[in-house]
Amino acid sequence: MYAYDEIDRTLIHERVAEFRDQVKRRLAGELTEDEFKSLRLMNGVYLQLHAYMFRVAIPYGTLSSAQLRRLAHVARRYDRGYGHFTTRQNIQFNWIKLAELPDALADLADVGIHAMQTSGNCTRNITADQWAGVAPGEIEDPRIWAELLRQYSTLHPEFSFLPRKFKFAITASEHDRAAIKVHDIGLRLHKNAAGETGFEVLVGGGLGRTPFIGKTIKPFVPGRDILSYVEAILRVYNQYGRRDNIYKARIKILVHELGIEKFAAAVEEEWLGMADSALTLEDADIEDIRSRFFYPAYEKLPQMPDELIKAAHDPKFEAWRRNSVTPHKVTGYAIVTLSLKPVGGPPGDATADQMDAIADLADQYSFGEIRVSHEQNLALPHVARRDLPALWRALDRIGVATPNINLVSDIIACPGLDYCSLANARSIPIAQELTRRFANHDTANLIGRLHINISGCINACGHHHVGHIGILGVEKNDEEFYQITIGGRADENAAVGTLIGPAVPYGEVADVVEDIVEAYLALRARPDELFIDTVKRLGVEPFRERVYATR
Amino acid sequence: MTSPLQQKIKITGPSMVTANRTSDGVVIYRTKAKGWSTELNDAAIVRVADEARALLADAVADDVGAVGAYIAPVELNEQGAIKPGNLREQIRSRGVTIDLPVPA
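Sequence order for the protein chains is C and V.
Residue numbering for the first sequence follows my numbering, beginning at 265 and increasing consecutively.
Residue numbering for the second sequence follows my numbering, beginning at 26 and increasing consecutively.
And the structure:
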C-alpha cells in the first residue's frame, strides 16, 4: 500500500471543498449546465439514463481495507447498496444524487480516495497489473512508477485540456495482465542488456470506434527518464492531436496518420530538448516513492501446509483452488482472485455487504490489501497458503468464490443500455444469460480459458475488440442487434478480433456463442489447445461456416 | 456541443420532451403546465416539429431544474395512455431490465 503524504491529503480535501462550492452554485442556478458540466466531469460525475453516475479512482487497482469499507459506506449511504468495478480498475456508483455528492467525496477523502481525472480530456487513472508487487518473476513493483506518473500527471495544467482522454497502463511482467497494448501509452518494465531497469514504451493503442494495437515507440527508456519521455509524447500529442473531430482526437489516430516512425521522430526531437531537465528523476526521488509503499512482513511458511493437504480432499475446494489461486513471489503465500462474476449476476458488481466482508477478510488474511483487476474481479494479494481453506469458506459464504476465473463465464461487460446514456444495446442481460448457459463448471473447465467481452456501444468500455469472443451491441431500427468477433486478445500478443458474420438479434446472442464454443470443441487440435489458439490456427472461416450455416 | 435547439427536429409520430432532474438525475417529463413530472403519463404530447421545438425550447429554458432535455418518441394506446416509444425510453421510464444486486 502507498501512504499519502500531507500534500496529497490537502489536495484531496481542497478539491472536495472546491466541488462543494461548485455544486452549491449549480443547484442555486448560479452556474448553467454548460458551465458546470466540465467541472462535474473533472470530479468523475456523469449523467446517465436514470441518475448521475459517480466514478471513483482506484490508482493502479490497489485498495486498503479501510478504503474498501468506505466505498461500501458510500454505496450504502448515498447509492443503492452496491458498486460496479470497471475495466479501468475504478468503481462506479449508478444512483448518486448531485446534492449529496460533495458529502460522498468528503467521506472518501478521509481515507485518501478521490475522483479526480476519472473523466475529461486529461490523463486518467494509471492502471497496472493487478498482481503488481507479488507476481513471481516480476522485474520490480510497477506501482512505484505508476505512483510517480500519478503524482506527475495529477492536475498537470499542460495535460488537463488534451485533445481527448489519455490512458496509461503499466506492467513489469512478461505476461501482460494490464492490457498495455490497448492503452494510449503502455509501459513494460524490463532490463536491457546492461542490466539496467527501464521501460519499453508503446503508444497509440486503444479500442473504441477505431481500435489499434499500440506500437513500440522506444524499446528502452531508462527509469530516470520516463517522466521526460512521457511528457515529450504528450507535448507532441497536445500540439498535433486533432481537436476538430472528437472521433479522430485520440493519440492512436495521430500515430496512425503520421506513422510510428514520424511520430517517434517528433517525440525524439521534443525529448532531446528536455534532456537533463527537472523531469529527470534522481535515485532519491524514486526511493522516496518506494519508501512510501508498505509491504507485508511475510512469515517463513511452508508451501504445502497441513491445512492445504487436508482440504485437498474436498473437490469443491480443490476446484476453486485450481482456478482462483495463483503462485506468489513469496514461498508459503498465494494470490487469490475473488470472482465478481456469479452465475446470473451483473459482471463486476459488488454489494456494500460484500465489500465490507471482503475488507474484513483482507484484514484477516491479506495484510489489509485488496486489488481490482481490469477484468472486473478483485484479488487478495498476500494470502498465506495455510489460510486458503478458511478463506475459501468465507468467500463462498459471500458469493465471491465462483471458480470461473479466466473461464467462459468470467465475462467483462460494460453497464450497457440498462444504465449508460451512450449505449445502443444492453450488455448485462447478455452476460447473465451466457453465465447461465455455461454455469456447469465441468463444462467450463473442458472449454478452458476463454474471455468473452461485451460492450453496449462502439465506445468499447467492455473491451469487446480484445475479447476472445467479442460482442458489440448496435441498434438497427430501434432493435438491439449484436456484432460478434472472435480472435481478439488483450495480453502481450494483443490482437483485435475479426467479425464472424452479420449481427444477430438480442435473443440469438447466447445461441451463437454456444455454437462458436461447440465449433471450437470440434475444431481444436487437442484438449489443451486454447480457443484463441484454435482461432489463430484456423482463422475465422471454419467458425463462420458452422455458426451461420443454419442462420 | 450543439444546443438541442439548433439541432434539426424531425418527428414521425407522437413525441414528448424528457430530461433528468438537476438535483438527483431522476428522469422527468415536460408537462402541459410547463412544469416537470416523474410520470410519463403527465408528459405533454406533440405531433409536429414546430410544436416539438416550442416544447423543447421551453424545457431547455429551465436550466436550473432539468439537465439534457430532448425530444423522444412515445406510443399512445387506445385509452390515450402514454408508452415509451423505444427501448431506451422504456428503460428510462421503467428502470433497468435486470434485478439490482440489492433489491430496492
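Ideal placement from N, C-alpha and C gives every residue a C-beta, glycine not left out.
Proximal residues of chain C, C-beta to C-beta of residue i below 8 Å
i	result
V/D67	Those within 8 Å of V/D67 in chain C number zero; the least Cβ separation is about 18 Å.
V/T47	R290, L291, E297 and L362
Within chain C, the residues that residue i reaches when beta carbons sit closer than 7 Å
i	result
V/A97	Within 7 Å Cβ-Cβ: nothing; V/A97 doesn't reach chain C, min ~12 Å.
V/L81	Within chain C, no residue comes near V/L81; the closest Cβ sits about 15 Å away, beyond 7 Å.
V/G93	L311
Short CB-CB distance (under 8 Å) between residue i and chain V
i	result
C/G697	Before going further, note that residue 697 of chain C is Glu rather than Gly in the sequence given. No, because no Cβ of chain V sits closer than 8 Å to the Cβ of C/E697.
C/H337	no
C/T615	yes
C/D742	yes
C/R554	no
C/P611	no
C/R690	yes
Nonlocal neighbours in the same chain, by C-beta distance under 6 Å from residue i, ignoring five residues either side
i	result
C/Q331	V375 and I377
C/E582	A576
C/I360	Y316, F318, Y342 and D343
C/G712	L794
C/R514	R428 and G470
C/I449	F432 and V467
C/P483	E464
C/G479	Per the sequence shown, residue 479 of chain C should be read as Lys rather than Gly. Closer than 6 Å at the Cβ level, and outside the excluded window around C/K479, lie G468 and I524.
C/Y310	M317
C/P560	F631 and H646
Beta-bridge partners of residue i, as assigned by DSSP
i	result
C/T391	C/A433
C/Q747	C/L736
C/S328	C/E633
V/K1	The requested residue 1 of chain V does not occur in the structure, where chain V is confined to residues 26 to 129.
C/P421	Paired residue(s): none; C/P421 is not in a bridge.
C/D613	C/H348
C/K455	C/T461
V/M41	V/A97
C/G470	C/F476
C/Y310	C/M317
C/P769	C/F745
C/Y597	C/A648
C/R213	As shown, chain C starts at 265 and ends at 815. That puts residue 213 of chain C outside it, with no answer to give.
C/I355	C/V320 and C/F349
V/Y54	V/T43 and V/S62
C/G450	C/A433 and C/L466
Chain V residues whose Cβ lies nearer than 7 Å to that of residue i
i	result
C/P693	T122 and I123
C/Y316	G50
Cβ of residue i within 8 Å of any chain C Cβ
i	result
V/V51	yes
V/P39	no
V/V127	yes
Chain-ordered chain V contacts of residue i [CB-CB under 8 Å]
i	result
C/L313	V52, R113, I116 and R117
C/T296	D88
C/Y683	V121
C/Y346	L125, P126 and V127
Distance between beta carbons of residue j and residue i, contact taken as under 8 Å
i	j	result
C/Y770	C/L313	Between C/L313 and C/Y770 the Cβ distance is about 18 Å, and since that is not below 8 Å, they are no contact.
C/I692	C/P610	5 Å
C/L698	C/A774	6 Å
C/I748	C/V768	7 Å
C/F557	C/R407	7 Å
C/D620	C/A336	5 Å
C/R248	C/A623	Within the shown structure, residues of chain C are numbered from 265 to 815, placing residue 248 of chain C beyond reach of any answer.
C/V287	C/A373	Wrong, their Cβ atoms sit about 15 Å apart, outside the cutoff.
Contact set for residue i: own chain, Cβ-Cβ below 7 Å, skip 5 residues either direction
i	result
C/V636	I322, G325, L327, F349, Q353, Q394 and L642
C/D440	D755 and E756
V/L80	V42, R55, A69 and V71
V/N66	A106 and I107
8 Å Cβ shell around residue i - same chain, five flanking residues per side excluded
i	result
C/E404	A436, L453 and T461
C/I550	I408, L412, G487 and R488
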